[in-house]
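Reading through the structure tokens given below for one structure.
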Amino acid sequence: MSRLIPSEDELHAYVDERLETARRREVELYLAAHPEQAARVEGWRADARLLRTALAGLAEQPANPRLDPAAVRRAVRQRHRRQWASAAMLLVALGIGGLGGWQARESSLQAGLAPMADAVQAHRLFAQSGTLDLNVQRPGQLQAWLGEHFAQAGQLPDLSAYGFTPVGARLLSNEQGPAALLLFQDASGERVSLFLRSPGEHYARMPSGERVDGELQARYWSQGAYNYALVSPAAEPRAAQLRQALGIAL
Amino acid sequence: MNDLDDDQLRDMLQRLRRFALWLTREASSADDLVQATVERALSRRGQQRGDDSLRAWLFAILYRLFIDAKRRERRHARWLAWFGRDEAVGSSTEDIVLAESGLAAFARLPTEQRALLLLVSVEGLSYKEAAQALDVPIGTVMSRLSRARAAMRELAEGNTPPPALRRLK
Chain E
25 MSRLIPSEDE LHAYVDERLE TARRREVELY LAAHPEQAAR VEGWRADARL LRTALAGLAE
85 QPANPRLDPA AVRRAVRQRH RRQWASAAML LVALGIGGLG GWQARESSLQ AGLAPMADAV
145 QAHRLFAQSG TLDLNVQRPG QLQAWLGEHF AQAGQLPDLS AYGFTPVGAR LLSNEQGPAA
205 LLLFQDASGE RVSLFLRSPG EHYARMPSGE RVDGELQARY WSQGAYNYAL VSPAAEPRAA
265 QLRQALGIAL
Chain W
582 MNDLDDDQLR DMLQRLRRFA LWLTREASSA DDLVQATVER ALSRRGQQRG DDSLRAWLFA
642 ILYRLFIDAK RRERRHARWL AWFGRDEAVG SSTEDIVLAE SGLAAFARLP TEQRALLLLV
702 SVEGLSYKEA AQALDVPIGT VMSRLSRARA AMRELAEGNT PPPALRRLK
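Residue numbers (my numbering), protein chains in the order written: chain E, 25 to 274; chain W, 582 to 750.
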């Protein structure tokens, strides 16, 4: 007899149609004899219906393409690529070459005390690289690119008198902000680069000078809003003239 | 191991969006929530076992993300209050969805009751699946369902005709 009186849970299961057929019949009989309980159950059922009707529209919103699994997967991949790219840029900015890890960072900070060490590092990494942000096709293009990224830079001089023409440029960044490596090449394929960036904590505004770093020579100076460095092979006889031409024009 | 493929996920998108809307009550955060859910589902597809319900698994991911985000938001609001910049929580996204669907009264139900009602009454999940989605024992599902339905009755009966329920800023 007690089995006839449905529990609260069973009444909910009845509304949600989760009862076995035999038990559902018993509950129906019980409710027919107990109008008060029947009214409660009917109220629940009406609310459920109301919810279903009201929310039916929500399932028919116009599709949002960015939620598609393929789009989400693409977005994740892009984010990872960007993270890798900025990690790589940071390494370049700190002047870390092939080594990795904390030790390399330590030594690079020390090396960073040498004037424009990052310029020499950038030249080593990118002077022969084919992956530039700008490949110069026509005259004036490099100047326009420079003006776009470094508003306070002056005019690039024409270096063709010394046999060098613009090749392209690569945009870099370090903790001080953007930096750039501008590449020039002569008829024999020899490359020199002009590096520029804002003065910063490790690289304060500095007196002009030059130093030899391995097989490369850096000539550096501060002018206007930026620090500059001309990086060339150490034995390059025209470098001094190039440096002078750049210093006057920029 | 039952590999979750894109089409299965796609089939669930609109339901996930509805659940997210019902929880967040705001269209753009709802879609952000769904996007995060899809992302997590894709990265953890190996953890979805074939004998478990896929929809319960997806609802569970979404619900957990929502609860975590809400907890962060509350902490954030507490900080703001601490510094004297009291910000009425939730007043900016004033139950737009519920107001539009004529269900403004039910916006007063606690989140976990609203979530359960949607899963059981609208999505038709079994009690076991609902327990899985909300990560609670089945006994809790039953007692919560009972409380939710009683509260809903009270609101429905006590608010006819519904007065202006949208809070004015």
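Note that the Cβ used here is the ideal one computed from N, Cα and C, for glycine as well.
Cβ-based contacts, 7 Å cut-off: residues of the segment 50-74 of chain E near chain W:
G67, W68, D71, A72
If I follow the unbroken beta strand (DSSP E) through Y54(E), where does it start and stop?
Position 30 of the first sequence, counted from the start, is the residue given in the question as residue 54(E). Note, Y54(E): premise wrong, no beta strand (DSSP E); alpha helix (DSSP H) at 45-57.
Looking at N88(E) and D570(W), is the spacing between their C-beta atoms short of 8 Å?
There is no way to answer for residue 570(W), as the model of chain W reaches only from 582 to 750.
Which residue from P718(W), E738(W), S707(W) puts its Cα closest to that of S634(W)?
Taking the first residue of the second sequence as 1, we reach residue 634(W) at position 53. Nearest neighbour of S634(W) by Cα position, chosen from P718(W), E738(W), S707(W), turns out to be S707(W).
Can at least three beta-carbon pairs, one atom from the segment 253-268 of chain E and one from the segment 229-244 of chain E, be found at a separation below 8 Å?
yes
Between W245(E), S212(E), L218(E), which has its C-alpha nearest M230(E)'s C-alpha?
Looking up residue 230(E) in the first sequence gives position 206. Ranking W245(E), S212(E), L218(E) by Cα distance to M230(E) puts W245(E) first.
For D667(W), the three-state DSSP class (helix, strand or coil):
Working through the second sequence from its first residue, we reach residue 667(W) at position 86. Because the pLDDT at D667(W) is just 47, under 50, the model does not fix this residue reliably, and the value given afterwards should be weighed accordingly. Residue state, collapsed to three classes: coil.
Helix, strand or coil for V236(E)? Go by DSSP, reduced to three states.
As a position in the first sequence, residue 236(E) is number 212, starting the count at 1. Residue state, collapsed to three classes: strand.
For T692(W), three-class secondary structure by DSSP:
Within the second sequence, numbered from 1, the residue matching residue 692(W) stands at position 111. Helix at T692(W).
Ordered along the chain, which non-local residues of its own chain (more than five positions away) have a Cβ less than 6 Å from that of A177(E)?
Looking up residue 177(E) in the first sequence gives position 153. For A177(E), where only same-chain residues beyond five positions count, the Cβ hits under 6 Å are L170.
Rounded to whole angstroms, what's the CA-CA distance from T618(W) to R645(W)? Just pull it up for me.
Locating residue 618(W) in the second sequence gives position 37, where the first residue counts as 1. Locating residue 645(W) in the second sequence gives position 64, where the first residue counts as 1. T618(W) and R645(W): Cα-Cα distance of roughly 9 Å.
Count the other CB atoms within 10 Å of the CB of R98(E); is the residue buried (16 or more) or exposed (fewer)?
Locating residue 98(E) in the first sequence gives position 74, counting from the first residue. By the 10 Å Cβ count, R98(E) comes out exposed.
Find the residues of chain W that neighbour D32(E), judging by a C-beta separation of less than 7 Å, and give them in chain order.
Residue mapping note: residue 32(E) aligns to position 8 of the first sequence, counting from 1. According to the sequence as given, residue 32(E) is Glu; it is not Asp. Correct list: S727.
Under the three-state reduction of DSSP, which class applies to P86(E): helix, strand or coil?
Taking the first residue of the first sequence as 1, we reach residue 86(E) at position 62. It is coil, neither helix nor strand.
At which residue ranges does the segment 161-209 of chain E contain complete alpha helix (DSSP H) runs of 4 or more residues, listed in the order of the chain?
As far as the segment 161-209 of chain E is concerned, its whole alpha helix (DSSP H) runs of at least 4 residues are 165-173.
For a cutoff of 8 Å on Cβ pairs, would you count A688(W) as touching chain E?
Walking along the second sequence from the start, residue 688(W) turns up at place 107. No, A688(W) lies away from the interface with chain E (no Cβ there is under 8 Å from its Cβ).
Less than 8 Å between the beta carbons of E693(W) and R725(W), yes or no?
Here the question's residue 693(W) lines up with position 112 in the second sequence. Here the question's residue 725(W) lines up with position 144 in the second sequence. Their beta carbons are under 8 Å apart, which means E693(W) touches R725(W) by this criterion.
Where does E735(W) land, buried or exposed, given buried means 16+ other C-beta within 10 angstroms?
One-based indexing of the second sequence puts residue 735(W) at position 154. Classification for E735(W): exposed.
Can you tell me the Cβ-Cβ gap for A203(E) and L158(E), rounded? I've got them flagged as a contact below 8 Å.
Taking the first residue of the first sequence as 1, we reach residue 203(E) at position 179. Taking the first residue of the first sequence as 1, we reach residue 158(E) at position 134. Going by Cβ atoms, the distance from A203(E) to L158(E) rounds to 14 Å, so no, they are not a contact pair.
Based on Cα-Cα distance, which residue from A696(W), M593(W), L602(W), R596(W) lies nearest to L715(W)?
Here residue 715(W) corresponds to residue number 134 of the second sequence, with the count starting at 1. Measuring from the Cα of L715(W), the nearest candidate turns out to be A696(W).
Reference Q61(E), options L82(E), L79(E), H36(E), T77(E), closest by Cα
Stepping through the first sequence from its first residue, residue 61(E) is reached at position 37. Ranking L82(E), L79(E), H36(E), T77(E) by Cα distance to Q61(E) puts H36(E) first.
By the 9 Å beta-carbon criterion, what residues does the segment 704-719 of chain W contribute toward chain E?
G705, S707, Y708
Just to make sure I have the definition right: I need the residues of chain W whose C-beta is within less than 9 Å of the C-beta of R90(E). Which are they?
Position 66 of the first sequence, counted from the start, is the residue given in the question as residue 90(E). Chain W residues near R90(E): D612, Q616.
Residue from R591(W), I648(W), R652(W) with nearest C-alpha to A622(W):
By one-based count along the second sequence, residue 622(W) stands at place 41. Considering only alpha carbons, the answer is R591(W).
Within-8 Å CB hit, Q629(W) to chain E:
Taking the first residue of the second sequence as 1, we reach residue 629(W) at position 48. The C-beta of Q629(W) comes no closer than 8 Å to any C-beta of chain E.
G121(E) versus V216(E): straight-line alpha-carbon distance, rounded
In the first sequence, counting from the first residue as 1, residue 121(E) sits at position 97. In the first sequence, counting from the first residue as 1, residue 216(E) sits at position 192. The predicted model places G121(E) with a pLDDT of 45, which falls under 50 and marks its position as unreliable; any figure quoted below should be read in that light. In this structure, the CA atom of G121(E) is about 19 Å from the CA atom of V216(E).
What residue range is occupied by the uninterrupted alpha helix (DSSP H) comprising V615(W)?
The sequence position of residue 615(W) within the second sequence is 34, counting from 1. Run containing V615(W): 608-624, per the alpha helix (DSSP H) assignment.
Using DSSP with H/G/I as helix, E/B as strand and the rest coil, what is R262(E)?
Taking the first residue of the first sequence as 1, we reach residue 262(E) at position 238. In this structure, R262(E) counts as coil in the three-state DSSP scheme.
Environment of T605(W) [buried if 16+ CB atoms lie within 10 Å]:
On the second sequence, position 24 is the one that residue 605(W) refers to. Taking every protein chain shown into account, the CB of T605(W) has 16 or more other CB atoms within 10 angstroms, so this residue is buried.
What residue from A641(W), K651(W), E738(W) has the CA that sits closest to S610(W)'s CA?
For the purposes of this step, residue 610(W) is identified with residue 29 of the second sequence, where counting begins at 1. Comparing Cα positions, the closest option is K651(W).
One question on the structure: do V722(W) and A732(W) come within less than 8 Å of each other, judged by their Cβ atoms?
Within the second sequence, numbered from 1, the residue matching residue 722(W) stands at position 141. Within the second sequence, numbered from 1, the residue matching residue 732(W) stands at position 151. It is not a contact, given that the beta carbons lie outside the stated cut-off.
Counting only beta-carbon atoms, is Y38(E) nearer than 8 Å to chain W?
On the first sequence, position 14 is the one that residue 38(E) refers to. So, not an interface residue.
Coarse secondary structure for R565(W), derived from DSSP in three states
The first residue shown for chain W is 582 and the last is 750, placing residue 565(W) beyond what the model contains.
At a CB-CB cut-off below 7 Å, which residues of chain W make contact with P93(E)?
Within the first sequence, numbered from 1, the residue matching residue 93(E) stands at position 69. Within chain W, the residues near P93(E) are D587, L590, R591, V619, L623.
Could you say which of A57(E), L218(E), L53(E) lies nearest to R148(E) if we only look at CA atoms?
Residue numbering aside, residue 148(E) sits at position 124 when the first sequence is read from its first letter. The shortest CA-to-CA distance from R148(E) to any of A57(E), L218(E), L53(E) is the one to L218(E).
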